[in-house]
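The structure appears right after this line, and notes come after that.
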Amino acid sequence: LISADMACGLLLQLVLLSTLPHALPLRGCLARMHKSGCQPKSTCTAELVGTFPLVLTVGCNVLSNNPNWGGLSTACSLMVGIYALGGVSGANFNPAVSIALGVAGKMPDGFKQVAVYSAVQIVAGCCAAAAYCLLFGESFHLGPAEGYVWWQAMLCEMMYTFVLCFVVLNCAASKKIGGKNQFYGLAIGFVIVAGAYVSSAVSGKWFSPAVAIAIDILSMHKGFGWCIIYSVCEIAGALAAVLLFKLVRPEESDDSDPPETYSIQSKLVAEMIGTFVLVVTVGMNVLVHSKAAAFSIAASLMVIIYALGDVSGAHFNPAVTLAILCSGREKTNLKEACQYIAAQLFAGIYAAFFYEVVQNGKTFPLGPGKGFDWGGVAVAEIMYTFVLCFVVLCVATVMQNPAPQMTGFIIGMCVTVGGLAIGHISGGSLNPAVS
46 LISADMACGL LLQLVLLSTL PHALPLRGCL ARMHKSGCQP KSTCTAELVG
96 TFPLVLTVGC NVLSNNPNWG GLSTACSLMV GIYALGGVSG ANFNPAVSIA
146 LGVAGKMPDG FKQVAVYSAV QIVAGCCAAA AYCLLFGESF HLGPAEGYVW
196 WQAMLCEMMY TFVLCFVVLN CAASKKIGGK NQFYGLAIGF VIVAGAYVSS
246 AVSGKWFSPA VAIAIDILSM HKGFGWCIIY SVCEIAGALA AVLLFKLVRP
296 EESDDSDPPE TYSIQSKLVA EMIGTFVLVV TVGMNVLVHS KAAAFSIAAS
346 LMVIIYALGD VSGAHFNPAV TLAILCSGRE KTNLKEACQY IAAQLFAGIY
396 AAFFYEVVQN GKTFPLGPGK GFDWGGVAVA EIMYTFVLCF VVLCVATVMQ
446 NPAPQMTGFI IGMCVTVGGL AIGHISGGSL NPAVS
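Per the working numbering, the very first residue in the sequence shown carries number 46; after that it's consecutive.
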């Protein structure tokens with residue numbers, strides 16, 4: 046063990062020597078961090094070093110049968126890799142992310158860089174898959190979970206690959222907040238928490254062509270070909286992310302500077318996207334009997350707050366919009382609040398149809414949990430919706446935010462608080478759009 050640790054330390058020193066001498070600080074977006082300082086050798090090494098442990102973590106968690114903490118483990122692997130290597134290569138670690146950045150015009154060397162990055166990521170993924178196969182003496186097959194057909198699995202992959210790329214574009218590559226925040230790694234990494242616990246029971250939760258190709262190649266003796274369908278749908282999710290990124294932030298389509306305040310059209314689209322992601326995550330967690338539903342839903346709220354908070358304020362909840370309106374702090378007005386609530390309710394209904402389709406027509410009713418009545422439901426929902434709205438008012442509407450880099454995390458974790466506390470009483474909706 047001591048010899049293995051020493052060998053690992055030596056390898057780490059060699060990797061650091063090949064990457065960090067060229068590292069640059071944040072300069073606008075992850076994809077531009079290496080624009081004028083890092084050499085192709087350094088950036089490719091960084092992508093290799095970041096993708097390998099990510100895919101290895103995925104495989105080890107699957108083969109260890111770790112349904113409770115596997116999603117968090119994978120998310121943290123992505124998060125720490127982004128913070129460690131973002132200043133070298135941009136920390137893409139995923140061909141879908143590289144394609145999204147390329148199409149959005151955020152890759153300095155254009156599609157040549159996209160192609161090189163994607164090739165390195167796929168090679169790293171295959172090496173990592175070989176490593177976990179050797180470690181466990183077995184592999185696992187790529188494909189839809191039992192009880193689901195291909196298009197249901199692909200909707201999940203497309204949905205959460207879209208969320209991943211959308212958060213990357215907004216938090217790390219946008220003109221307005223890219224390179225000007227410290228939460229980008231947290232936001233991007235925790236997309237995996239949001240998606241893993243809902244998609245694992247349907248598609249396997251890969252969200253990356255590099256992961257899908259690696260799994261399929263190393264389990265070729267069990268059949269091959271699903272990686273093509275997975276990759277196509279994941280890339281489609283990435284392209285959808287670029288489209289909506291430019292729709293929400295019109296300045297990304299031209300050379301104009303970002304506005305101080307976005308138009309009502311941008312705000313309403315942002316509210317619909319955020320509410321849709323949140324409600325889909327709620328419904329899917331419930332219907333697959335997720336082992337970490339409250340945490341997954343909290344993560345979905347957190348990441349989309351970080352992505353769209355500077356556009357619309359990231360309400361995603363009629364109760365929050367009403368609380369902000371009634372606070373009298375001039376963060377919104379009656380007309381805008383009514384438009385927000387209409388957009389949130391519309392997105393929530395659409396999201397419910399989406400998860401119903403993915404889940405073979407299954408839905409779930411609202412009502413008291415076993416042993417409770419509607420009085421208990423009222424007390425539980427009022428109490429924890431109060432907690433959510435009170436925290437929003439205290440951290441997001443005051444003149445001096447007490448923790449501006451942590452705002453999304455703080456508000457998102459209110460769902461963890463309420464979901465775990467009253468989930469068995471009322472379901473812990475805390476949101477009329479969800480209800």
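Glycine included, every Cβ here is placed at the ideal spot set by N, Cα and C. All values reported here derive from a predicted model rather than from experimental measurement.
If you count every other CB in all the chains shown that lies within 10 Å of the CB of Q404, and 16 or more means buried, which is it? Locating residue 404 in the sequence shown gives position 359, where the first residue counts as 1. The residue is buried, with at least 16 neighbouring Cβ atoms inside 10 Å.
Excluding sequence positions up to five away, which residues of its chain have a Cβ less than 6 Å from the Cβ of A396? As a working note, residue 396 is residue 351 in the sequence shown. Excluding positions up to five away in sequence, the list reads F321, V324, V325.
Alpha carbon to alpha carbon, what distance is there between A382 and L367? Locating residue 367 in the sequence shown gives position 322, counting from the first residue. Locating residue 382 in the sequence shown gives position 337, counting from the first residue. Cα-Cα distance, rounded: 7 Å.
Quick one: what's got a C-beta closer than 7 Å to V238's C-beta in the same chain, skipping five residues either side? Here residue 238 refers to the residue found at position 193 when the sequence shown is read from its first residue. Result list for V238: G116, L117, A120, F340, S341, A344, in chain order.
Whole-number beta carbon distance between E92 and V165, since they are thought to touch under 8 Å: For the purposes of this step, residue 165 is taken as residue 120 along the sequence shown, with counting starting at 1. For the purposes of this step, residue 92 is taken as residue 47 along the sequence shown, with counting starting at 1. About 5 Å; that satisfies the 8 Å criterion.
Going by alpha carbons, who is nearest to P363 out of G224, I349, F391, Y177? Working through the sequence shown from its first residue, we reach residue 363 at position 318. That would be F391, whose Cα lies nearest to the Cα of P363.
Output yes or no for whether 8 Å exceeds the beta carbon distance between I233 and L353. Position 188 of the sequence shown, counted from the start, is the residue given in the question as residue 233. Position 308 of the sequence shown, counted from the start, is the residue given in the question as residue 353. Their beta carbons are not under 8 Å apart, which means I233 does not touch L353 by this criterion.
Please state whether DSSP places N446 in a helix, a strand or coil. Taking the first residue of the sequence shown as 1, we reach residue 446 at position 401. It is coil, neither helix nor strand.
For the alpha helix (DSSP H) that W114 lies in, which residues bound it at each end? As a working note, residue 114 is residue 69 in the sequence shown. Element bounds for W114: n/a, residue is neither H nor E.
Give, in chain order, every unbroken run of the alpha helix (DSSP H) that is at least 4 residues long and sits entirely within the region 136-164. 140-148
How big is the Cα-Cα spacing for Y193 and V333? By one-based count along the sequence shown, residue 193 stands at place 148. By one-based count along the sequence shown, residue 333 stands at place 288. Whole-angstrom Cα-Cα distance: 12 Å.
Rounded distance between the beta-carbons of V247 and P189, thought under 8 Å: One-based indexing of the sequence shown puts residue 189 at position 144. One-based indexing of the sequence shown puts residue 247 at position 202. Right, the Cβ-Cβ distance comes to about 7 Å (below 8 Å), so this counts as a contact.
Among the residues of its own chain, which have a CB less than 8 Å from the CB of V402, if the five just before and after it don't count? Position 357 of the sequence shown, counting from 1, holds the residue named residue 402. Around V402: Q197, L200.
Roughly how far, in whole angstroms, is the beta-carbon of Y275 from the beta-carbon of A257, given that I think they are within contact range, below 8 Å? The residue labelled residue 275 in the question sits at position 230 within the sequence shown. The residue labelled residue 257 in the question sits at position 212 within the sequence shown. So it is a contact: roughly 4 Å between Cβ atoms.
What separation, rounded to the nearest whole angstrom, lies between the Cα atoms of L475 and I427? Counting from one through the sequence shown, the residue named residue 475 turns up at place 430. Counting from one through the sequence shown, the residue named residue 427 turns up at place 382. Approximately 8 Å between the Cα atoms of the pair.
Given that a residue counts as buried once 16 or more other Cβ atoms are within 10 Å of its Cβ, and exposed if not, what is K407? Mapped onto the sequence shown, residue 407 falls at position 362. So K407 counts as exposed.
So the candidates are M329, D261, L99, L108; which of them puts its Cα closest to the Cα of N137? Numbered from 1 along the sequence shown, position 92 holds the residue referred to as residue 137. Among M329, D261, L99, L108, the Cα nearest to that of N137 is on L99.
Specify, as a first and last residue, the run of the alpha helix (DSSP H) that V428 falls within. Locating residue 428 in the sequence shown gives position 383, where the first residue counts as 1. Reading off the sequence, residue 428 comes out as Met, not Val. Residues 419-441.
First and last residue of the uninterrupted alpha helix (DSSP H) at F391: The residue given as residue 391 occupies position 346 in the sequence shown. Start and end: 379-403.
Which residues in the same chain have their Cβ closer than 6 Å to the Cβ of F518, if we skip the five residues on either side of it in sequence? Outside the displayed span of the chain (46 to 480) sits residue 518, for which this structure offers no information.
Please report the residue range of the alpha helix (DSSP H) in which W196 lies. As a first step, residue 196 must be located in the sequence shown, where it is residue number 151. Run containing W196: 195-217, per the alpha helix (DSSP H) assignment.
Kindly indicate the opening and closing residues of the alpha helix (DSSP H) around S357. Counted from its first residue, the sequence shown places residue 357 at position 312. Where S357 is concerned, the enclosing alpha helix (DSSP H) stretches over 338-357.
What separation, rounded to the nearest whole angstrom, lies between the Cα atoms of E305 and P254? Numbered from its first residue, the sequence shown carries residue 305 at position 260. Numbered from its first residue, the sequence shown carries residue 254 at position 209. Cα to Cα, E305 sits roughly 37 Å from P254.
Would V440 and T452 qualify as a contact pair, given that the criterion is a beta-carbon distance under 8 Å? Translated into the one-based positions of the sequence shown, residue 440 becomes position 395. Translated into the one-based positions of the sequence shown, residue 452 becomes position 407. Taking 8 Å as the Cβ cut-off, V440 and T452 qualify as a contacting pair.
Outcome for E379 when other beta-carbon atoms lying within 10 angstroms are tallied against a minimum of 16: One-based indexing of the sequence shown puts residue 379 at position 334. A quick correction: the sequence has Leu, not Glu, at residue 379. With fewer than 16 other Cβ atoms within 10 Å, it is exposed.
Cα-Cα separation, V460 to K157: As a position in the sequence shown, residue 460 is number 415, starting the count at 1. As a position in the sequence shown, residue 157 is number 112, starting the count at 1. Rounded to the nearest angstrom, the two C-alpha atoms are 42 Å apart.
Three-state secondary structure (DSSP) at T320? Within the sequence shown, residue 320 is the residue found at index 275, counting from 1. If DSSP states are grouped into helix, strand and coil, T320 belongs with the helices.
Grouping DSSP H, G and I as helix and E and B as strand, with all else coil, what is D302? Start at 1 with the first residue of the sequence shown, and residue 302 comes out as number 257. Looking at D302 - three-state DSSP - the assignment turns out to be coil, as it is neither helix nor strand.
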